[in-house]
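J.:
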Amino acid sequence: MSQAIVLLQETHLRPDDHESLDIPLGFQVFSHTRSYNTIFLHYHGGVLALVADNLAVTPRADLSSPDILVLELDCLVLINAYIFPEYHKWDSFTDSDPFLKLNNTLVLAAAY
Numbered sequence: 001m002s003q004a005i006v007l008l009q010e011t012h013l014r015p016d017d018h019e020s021l022d023i024p025l026g027f028q029v030f031s032h033t034r035s036y037n038t039i040f041l042h043y044h045g046g047v048l049a050l051v052a053d054n055l056a057v058t059p060r061a062d063l064s065s066p067d068i069l070v071l072e073l074d075c076l077v078l079i080n081a082y083i084f085p086e087y088h089k090w091d092s093f094t095d096s097d098p099f100l101k102l103n104n105t106l107v108l109a110a111a112y
């Protein structure tokens, strides 16, 4: 794999499932999952990043949420977000509008 950073959305992973993934040699994994949904009886959403071991990266838990993963590198703040289509109802998945949550994350990240 020649890429240094790979971003994935809609991982459908449970918490800590990323630990059982077959991660390519030389990469570390960062993941944010969405909680179990009783309506669909399985996991939806979730984001994951594979980052080359030679990159200094700090996960920003203070800016991340189930469908938004924020990673800080030396020269940039990387945001991996899954925002489902506008016509989908979000209130069965989360307490806050995903677009507003992403906007708030962008505003906070811009302060760095």
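Sequential numbering of the sequence shown, starting at 1, is according to the working numbering.
The beta carbon of each residue, even a glycine, is placed where N, CA and C say it ideally should be.
Is it true that the CB of leucine 69 sits closer than 8 Å to the CB of alanine 56?
T.: Their beta carbons are not under 8 Å apart, which means alanine 56 does not touch leucine 69 by this criterion.
J.: Taking the CB atoms as reference points, tell me whether aspartate 62 and proline 98 lie closer together than 8 Å.
T.: Their beta carbons are not under 8 Å apart, which means aspartate 62 does not touch proline 98 by this criterion.
J.: Measure the alpha-carbon distance for isoleucine 79 versus lysine 101 and round it to whole angstroms.
T.: So the two alpha carbons sit approximately 12 Å from each other.
J.: First and last residue of the alpha helix (DSSP H) that includes leucine 8?
T.: Not the alpha helix (DSSP H): leucine 8 falls in the beta strand (DSSP E), residues 5-9.
J.: I need the boundaries of the alpha helix (DSSP H) containing leucine 48, first residue and last residue.
T.: Unbroken run through leucine 48 is the beta strand (DSSP E), 47-52; no alpha helix (DSSP H).
J.: The beta strand (DSSP E) that contains leucine 106, what's its start and end?
T.: Careful: leucine 106 lies outside any beta strand (DSSP E), inside the alpha helix (DSSP H) at 98-110.
J.: Going by Cα to Cα distance, which pick from Gly46, Pro59, Leu25 is closest to aspartate 74?
T.: Considering only alpha carbons, the answer is Pro59.
J.: Look up isoleucine 129 in the DSSP assignment and say whether it is helix, strand or coil.
T.: Since the first and last residues shown for the chain are 1 and 112, residue 129 lies out of range.
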